[in-house]
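Under this note's numbering, the sequence shown is numbered contiguously, ending at residue 713.
Yeah, the Cβ is synthetic: ideal placement off N, Cα and C, and Gly gets one too.
Keep in mind that this is a model prediction, so the values were computed, not measured.
Down below is the structure, laid out as structure tokens.
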Amino acid sequence: MKKIVFSLNFCLFFFFTFSQTIPETIDELLKVYSRQNAFNGTALVAQHGQVMFAKGYGLRNFERHLPNDTSTIYQIGSISKQFTSAIILQLRDKGLLSLNDKLSKFIPDYPRGDEITIEHLLSHTSGIYNYTNDEQFMKSRSVKPISREDLISEFKNKPLDFDPGKKYNYSNSGYVLLGYIIENITGKSYFDVVKENIFNPLQMDHSGFDFIGLKSRAKAVEYSKLSPNLAEPAMIVDSTVSFAAGSIYTSAGDLYKWDRALNSGFLPDSSLKQAYTTRLDHYGLGWVIDTSYGKKVVMHEGGIFGFGSFIARIPEDQSTIILFDNHSAANLARIAENINAILNDQPYEFPRYRKEISLDSNMLHQYEGEYKFAPDFVITIKPSDGHLVVQAKGQGQNEFFAASPDFFFTKIIEMQLEFIRDTNGKITRLNLYQGGQQIQGVKIK
269 MKKIVFSLNF CLFFFFTFSQ TIPETIDELL KVYSRQNAFN GTALVAQHGQ VMFAKGYGLR
329 NFERHLPNDT STIYQIGSIS KQFTSAIILQ LRDKGLLSLN DKLSKFIPDY PRGDEITIEH
389 LLSHTSGIYN YTNDEQFMKS RSVKPISRED LISEFKNKPL DFDPGKKYNY SNSGYVLLGY
449 IIENITGKSY FDVVKENIFN PLQMDHSGFD FIGLKSRAKA VEYSKLSPNL AEPAMIVDST
509 VSFAAGSIYT SAGDLYKWDR ALNSGFLPDS SLKQAYTTRL DHYGLGWVID TSYGKKVVMH
569 EGGIFGFGSF IARIPEDQST IILFDNHSAA NLARIAENIN AILNDQPYEF PRYRKEISLD
629 SNMLHQYEGE YKFAPDFVIT IKPSDGHLVV QAKGQGQNEF FAASPDFFFT KIIEMQLEFI
689 RDTNGKITRL NLYQGGQQIQ GVKIK
């Protein structure tokens, strides 16, 4: 329910001309991404508290040829975490819990639960193993309902990655436990608590949790592979599996109601200040914290099979960027960066078009294997239908295409791979280019 963002500066820079309005410039940018199959979804942009741009691109259902529009409903994955955080802060403000409460207060037999606080869970500093890293579990169990106890058992007895509070490591497991705590305190299901305390008061009528059971013409189909000649649906994660870490579905308009509420006193300023304060590695309480053009930005990304989502909020000038995509490989963070540049009259980037070449099957099979870049970063590469499929552990798949022998690019997330051979012509290393930097990996299998 989180995906790695790869950024690369091999793009063309532009300033929008004074003959174009900001909405026209945003539309031009998104059309380029859409034509290159790098954006297929809905965008909503607000500035100074007013929606200035909202539009859909591509199709929400390729089989029925139904277009994405501003009412299309998407799963938003880890953007759900800010809603879980908000409920925890509401319970705290009612005196029903403290952020310093230990996990052992709610699950007495949880290993080292007397060292782990609610704040650790909120800020990904608990050290608890992230259950969505278990590829076998996600493939075999994620589409079926699961009990709270069985879900927690997937990570409960695994050793901590580090001592609580000492490091940051993104953990969906922590938010599963927060959902359990919410249910423990309220005596209601997590889903009902969010509906009663957020969705209903804000009239977020197109938001919910059970995407599998949703009956709506506005519902987007999720795609794992998407090209002009292929639209392959992804599996849908059951809401009991993603739970409080990433089970919400919504529309752009509904998510903007949430944004407006946060700017209008829905949560006390003191609670927002806590949520927007960095603990470790730019993470607060359900929000990623950064700055852009001298202004604080609070944001979050979501990635769940077949869907991508992104929200960036600049509270100082009440600007908001919401992006949804029903093809999970899109680099929405990069698109949002470009939109924010346009809003601030700064240079922005169009993705560079690269021409692919064909390589025969024997050549493609030479690249197959596992490549290690760091102890916790291993990617698997396999040939498929004339190109390569690349997957980092715990992440979705990305398709890479040959620009030349041994050099590959992806059409979605602006990242390149260069395979390095030894003197005998055997592939031994892999260079990954991202963010203007080169990262070297070693072939291990």
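>> Using 8 Å for Cβ pairs, my map puts L312 next to T338. What's the rounded Cβ distance?
In response: Position 44 of the sequence shown, counting from 1, holds the residue named residue 312. Position 70 of the sequence shown, counting from 1, holds the residue named residue 338. Taking a contact as a CB-CB distance under 8 Å, the pair L312 and T338 counts as one, their CB atoms being some 7 Å apart.
> Anyone know if the C-beta pair for T648 and Q659 falls short of 9 Å?
Replying inline: Within the sequence shown, numbered from 1, the residue matching residue 648 stands at position 380. Within the sequence shown, numbered from 1, the residue matching residue 659 stands at position 391. Cβ atoms of T648 and Q659: closer than 9 Å.
> Is E686 helix, strand or coil by DSSP?
Replying inline: Taking the first residue of the sequence shown as position 1, residue 686 is located at position 418. If DSSP states are grouped into helix, strand and coil, E686 belongs with the strands.
> Do three or more CB pairs link the region 617 to 637 to the region 565 to 584 at distances below 8 Å?
Replying inline: No, because fewer than three Cβ pairs between the region 617 to 637 and the region 565 to 584 fall closer than 8 Å, the two stretches do not touch.
> To the nearest angstrom, how far is it from the Cα of F675 to the Cα of D653?
Replying inline: For this step, residue 675 is matched to residue 407 along the sequence shown. For this step, residue 653 is matched to residue 385 along the sequence shown. If you take the alpha carbons of F675 and D653, they lie about 17 Å apart.
> Is the region 403 to 410 close to the region 463 to 479, with three or more CB pairs under 8 Å?
Replying inline: As far as the Cβ criterion goes, the region 403 to 410 does not touch the region 463 to 479, which means the pair count is below three.
>> Check whether the region 380 to 400 and the region 430 to 446 are in contact - that is, three or more C-beta pairs closer than 8 Å.
In response: Touching, yes, given that three or more Cβ pairs across the two stretches are closer than 8 Å.
> Could you give the residue range of the beta strand (DSSP E) that holds L523?
Replying inline: Here residue 523 refers to the residue found at position 255 of the sequence shown. DSSP places L523 outside any beta strand (DSSP E); the residue lies instead in the alpha helix (DSSP H), whose first and last residues are A520 to L530.
> For N699, which three-state DSSP category applies?
Replying inline: Here residue 699 is taken as the residue at index 431 of the sequence shown, counted from 1. When secondary structure is reduced to three states using DSSP, N699 falls in the strand class.
> From Q706 to G637, what does the alpha carbon distance come to, in whole angstroms?
Replying inline: Within the sequence shown, the letter at position 438 stands for residue 706. Within the sequence shown, the letter at position 369 stands for residue 637. Answer to the nearest angstrom: the Cα atoms are 20 Å apart.
> Taking the beta strand (DSSP E) that G570 falls in, what are its first and last residues?
Replying inline: Counting from one through the sequence shown, the residue named residue 570 turns up at place 302. Unbroken beta strand (DSSP E) run through G570: K563 to I572.
> In its own chain, which residues sit with a C-beta less than 7 Å from the C-beta of M269, not counting the 5 before and 5 after it?
Replying inline: Numbered from 1 along the sequence shown, position 1 holds the residue referred to as residue 269. In this predicted model, M269 has a pLDDT of only 47, less than 50, meaning its place in the structure is not dependable; the value taken from the coordinates is given anyway. Only residues of its own chain outside the window of five on either side were considered, and among them G345, S346, T400, N440, S510, A513, G514, G570, G571 and I572 have a CB closer than 7 Å to the CB of M269, listed in chain order.
> So what's E584 in DSSP terms, helix, strand or just coil?
Replying inline: Within the sequence shown, residue 584 is the residue found at index 316, counting from 1. Taken through DSSP and simplified to helix, strand or coil, E584 comes out as coil.
> Based on Cα-Cα distance, which residue from I453, P379, H316 and G326 lies nearest to G363?
Replying inline: The count along the sequence shown starts at 1 and reaches residue 363 at position 95. With distances taken between Cα atoms, G363 lies closest to I453.
> Is it true that the region 297 to 314 meets the region 459 to 469, where meeting means three or more beta-carbon pairs spaced less than 8 Å apart?
Replying inline: Two segments are said to touch when three or more pairs of C-beta atoms, one from each, lie closer than 8 Å; by this definition the region 297 to 314 does not touch the region 459 to 469.
>> Quick check on H633: does DSSP put it in helix, strand or coil?
In response: For the purposes of this step, residue 633 is identified with residue 365 of the sequence shown, where counting begins at 1. H633 falls in the helix class under three-state DSSP.
> Expressed to the nearest angstrom, what Euclidean distance is found between the alpha-carbon atoms of S577 and I516?
Replying inline: Translated into positions along the sequence shown, residue 577 becomes position 309. Translated into positions along the sequence shown, residue 516 becomes position 248. Each residue's CA atom was taken as its position, placing S577 and I516 some 11 Å apart.
> What is the residue span of the alpha helix (DSSP H) that I610 lies within?
Replying inline: Position 342 of the sequence shown, counted from the start, is the residue given in the question as residue 610. Boundaries of the alpha helix (DSSP H) harbouring I610: L600 to L611, taken from the DSSP string.
> So S560 is in the beta strand (DSSP E); what residue range does that whole segment cover?
Replying inline: Locating residue 560 in the sequence shown gives position 292, counting from the first residue. Residues V556 to S560.
>> Please state the DSSP three-state secondary structure of N329.
In response: Translated into positions along the sequence shown, residue 329 becomes position 61. Note: N329 maps to strand in three-state DSSP.
>> Using 8 Å for Cβ pairs, my map puts I450 next to I356. What's the rounded Cβ distance?
In response: Working through the sequence shown from its first residue, we reach residue 450 at position 182. Working through the sequence shown from its first residue, we reach residue 356 at position 88. Contact between I450 and I356 is confirmed by a C-beta separation of about 7 Å, below the 8 Å threshold.
>> Below 8 Å on the Cβ atoms is my contact criterion, and I expect I590 with A520 to pass it. Report the Cβ-Cβ distance as a whole number of Å.
In response: Your numbering for residue 590 matches position 322 in the sequence shown. Your numbering for residue 520 matches position 252 in the sequence shown. About 5 Å separates the beta carbon of I590 from that of A520, a gap short enough to meet the 8 Å contact definition.
>> Please list the terminal residues of the continuous alpha helix (DSSP H) segment that includes A732.
In response: The structure shown does not extend to residue 732, since the chain is modelled only from 269 through 713, so no value can be given for it.
> Exposed or buried, R485, counting other C-beta atoms within 10 Å across all chains shown (16 or more means buried)?
Replying inline: Translated into positions along the sequence shown, residue 485 becomes position 217. Counting of Cβ neighbours within 10 angstroms places R485 among the exposed residues, the total staying below 16.
>> With distance defined between alpha-carbon atoms, name the residue in V319, G324 and S353 nearest to Y342.
In response: Sequence index remark: in the sequence shown, residue 342 carries index 74 (1-based). When only C-alpha atoms are compared, the closest one is G324.
> Using 8 Å as the Cβ pair cut-off and three pairs as the minimum, do the region 387 to 395 and the region 531 to 551 touch?
Replying inline: Counting Cβ pairs under 8 Å, three or more are found: they touch.
>> Measuring only the C-alpha atoms, how far is Q471 from M320?
In response: Against the sequence shown, residue 471 aligns to sequence position 203. Against the sequence shown, residue 320 aligns to sequence position 52. Between Q471 and M320, the alpha-carbon positions lie close to 21 Å from each other.
> For I420, does the count of other Cβ atoms within 10 angstroms reach 16, so buried, or fall short, so exposed?
Replying inline: Working through the sequence shown from its first residue, we reach residue 420 at position 152. A buried status is given to I420, since no fewer than 16 other beta-carbon atoms sit within 10 Å of its beta-carbon.
> So, is G317 buried or exposed, given that buried needs 16 or more other C-beta atoms within 10 angstroms?
Replying inline: Stepping through the sequence shown from its first residue, residue 317 is reached at position 49. Answer is exposed; the Cβ neighbour count stays below 16.
> Going by beta carbon distance, what residues of the same chain come within less than 7 Å of E624, once the five residues before and after it are set aside?
Replying inline: Indexing the sequence shown from 1 puts residue 624 at position 356. If we look at E624 and ignore the five residues flanking it on each side, its Cβ neighbours are F669, A670 and A671.
> Could you give the distance in angstroms between the alpha-carbon of Y448 and the alpha-carbon of L428?
Replying inline: Looking up residue 448 in the sequence shown gives position 180. Looking up residue 428 in the sequence shown gives position 160. When rounded, the distance between both Cα atoms is 19 Å.
> Name the DSSP bridge partner or partners of A311?
Replying inline: Locating residue 311 in the sequence shown gives position 43, where the first residue counts as 1. Under DSSP, A311 shares a beta bridge with K323 and L591.
>> Can you give me the C-alpha to C-alpha distance between D542 and H568, rounded to a whole angstrom?
In response: For this step, residue 542 is matched to residue 274 along the sequence shown. For this step, residue 568 is matched to residue 300 along the sequence shown. The sequence shown places Gln at residue 542, rather than the Asp named in the question. Rounded to the nearest angstrom, the two C-alpha atoms are 16 Å apart.
> Which of the three DSSP states, helix, strand or coil, is assigned to Q614?
Replying inline: Taking the sequence shown and counting its residues from 1, one reaches residue 614 at position 346. Coil, per DSSP.
> Distance, Cα to Cα, E605 vs V565?
Replying inline: Taking the first residue of the sequence shown as position 1, residue 605 is located at position 337. Taking the first residue of the sequence shown as position 1, residue 565 is located at position 297. If you take the alpha carbons of E605 and V565, they lie about 11 Å apart.
> Is T691 helix, strand or coil by DSSP?
Replying inline: Here residue 691 is taken as the residue at index 423 of the sequence shown, counted from 1. Here T691 sits in coil by DSSP.
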